[in-house]
Amino acid sequence: MKRRDFIKLSAGLGATMAATTPLSSAFAQTKMVLKASDVHPLGYPTVEAVVRMGKKLEAATNGRLTIQMFPSMQLGGEKEMIEQAQLGALQIARISVGAVGPVVDDVNVFNMPFVFRNSKHMEKVIDGEIGDELLAKISATEKTGLIALCWMNAGSRNVYNNKRPIRTIADLKGLKVRMMGNPLFVDTMNALGGNGVALGFDQVFSSMQTGVVDGAENNPPSFIAQNHYQVAKYFTMTEHLIIPELLVFSRISWQKLSPEDQALIKKLSKEAQAEQRVLWYEAENVAIEKMKAAGTEIITDIDKKPFQDAVKPVWDKYGAKYAAMVKRIEAVN
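Residue numbering for the sequence shown follows the working numbering, starting at 1 and increasing by one per position.
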């Protein structure tokens, strides 16, 4: 090849690269796969709601933004998920309010025992001014490293164990019951007469198998989804806690999104909140039927008043600072 032809060819290639590189670079910067995680399996209401949200996001952005779901604790328990989100290694996580309470104290009001009259009362609270206020407070607290997108239903938490049916406070005495890692929850179980043991959710099954704990407390769909019915025969509808859950976004990753993308994700999150609620009640009914079929003894004939009275020390210890918020919660009809 003659020298002048080589120079022409080089110049042509350079012009082509100059023309295409910025486009490729821009595409690479805008196309993003958002990693999402949950401790529950595919099909579980919270997981399904986020999967559906991902499909809407992909459609709305012509594939520029997509969500890749990692269910079933593939990326660890809630503690590990929060840590990864804080580092930006994970974008979306469904976590318990209990995990945020130690950092954003105001949220702990939802963690108080018997603070809600029932699940419908809880829904009206999270759908309204109080719910939006607390989401904003979590997002504004830099220490969390998280942006709170929306609330999700988790039903009521109920005590289950492998020793005996729980019908009275006396029946709980001496039982080691797994609680989420928040001192408030451990104190609640201790006030009810059991021995509260803080353990990660991913450790519950093996801990009941080996006798580290005698039982745990959770909602029916989780009881079935995590196969806890295989190691716990008795399930009592104590409904001592009715705690909504959170869908959160990594703050580091959030700051890389355009305001338009942030607004779109917030909009789709609110839609996911509504969709998950419908899925939740369907899953609850299915779970209870599966529990019955598996031979789980479901105890519903209990007087809740002694249980409510028993947690007074917890309210005395933690409740004073939430007095104004509790009044607002009680006023929601």
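Positions of the beta carbon are idealized from the N, C-alpha and C atoms, including for glycine.
Drop a sphere of 10 angstroms on the beta-carbon of residue i, count the other beta-carbons inside from all chains shown, and report buried for 16 or more, exposed for fewer.
i: residue 318; result: buried
i: residue 220; result: buried
i: residue 37; result: buried
i: residue 327; result: exposed
i: residue 161; result: buried
i: residue 87; result: exposed
i: residue 322; result: buried
i: residue 91; result: buried
i: residue 64; result: exposed
i: residue 34; result: buried
i: residue 98; result: buried
i: residue 174; result: exposed
i: residue 30; result: exposed
i: residue 171; result: buried
i: residue 268; result: buried
i: residue 23; result: Unreliable positioning characterises residue 23 in this predicted model, as indicated by a pLDDT of 36, which lies under 50. A coordinate reading is not provided.
i: residue 119; result: buried
What did DSSP end up calling residue i once you bin it into helix, strand or coil?
i: residue 204; result: helix
i: residue 228; result: helix
i: residue 54; result: helix
i: residue 25; result: At residue 25, the pLDDT of 35 sits below 50, so the modelled position is not reliable; the number obtained from the coordinates is stated separately. Helix, per DSSP.
i: residue 216; result: strand
i: residue 156; result: coil
i: residue 196; result: strand
i: residue 299; result: strand
i: residue 35; result: strand
i: residue 329; result: helix
Measure the Cβ-Cβ separation of residue i and residue j and say whether it is below 8 Å.
i: residue 159; j: residue 236; result: yes
i: residue 192; j: residue 310; result: yes
i: residue 249; j: residue 146; result: yes
i: residue 299; j: residue 234; result: yes
i: residue 243; j: residue 154; result: yes
i: residue 40; j: residue 47; result: yes
i: residue 95; j: residue 81; result: yes
i: residue 104; j: residue 329; result: no
i: residue 169; j: residue 307; result: yes
i: residue 201; j: residue 101; result: no
i: residue 45; j: residue 283; result: yes
i: residue 197; j: residue 213; result: yes
Kindly give me the distance between the Cβ atoms of residue i and residue j, rounded to whole angstroms, as I take these residues to be in contact under 8 Å.
i: residue 176; j: residue 190; result: In fact, because the Cβ distance is near 11 Å, the residues do not count as touching under 8 Å.
i: residue 205; j: residue 227; result: 6 Å
i: residue 336; j: residue 199; result: Any property of residue 336 remains undetermined from this structure, which presents the chain solely from 1 to 333.
i: residue 75; j: residue 68; result: Actually they do not touch by this definition, with Cβ atoms about 11 Å apart.
i: residue 57; j: residue 265; result: 7 Å
i: residue 114; j: residue 122; result: That pair is no contact at about 11 Å.
i: residue 157; j: residue 241; result: 4 Å
Segments of 3+ residues assigned as beta strand (DSSP E) that fall wholly inside the segment 244-290
Given a length threshold of 3 residues, each whole run of the beta strand (DSSP E) inside the segment 244-290 is given here in chain order: 245-250.
Contained alpha helix (DSSP H) runs [length at least 4] in the segment 40-89, N- to C-terminal order:
45-60, 78-87
Checklist entry - Which full runs of the beta strand (DSSP E) of 3+ residues lie inside the segment 99-180, going along the chain? => result Along the length of the segment 99-180, whole beta strand (DSSP E) runs at least 3 residues long occupy 146-152, 157-161, 176-179, reported in chain order.
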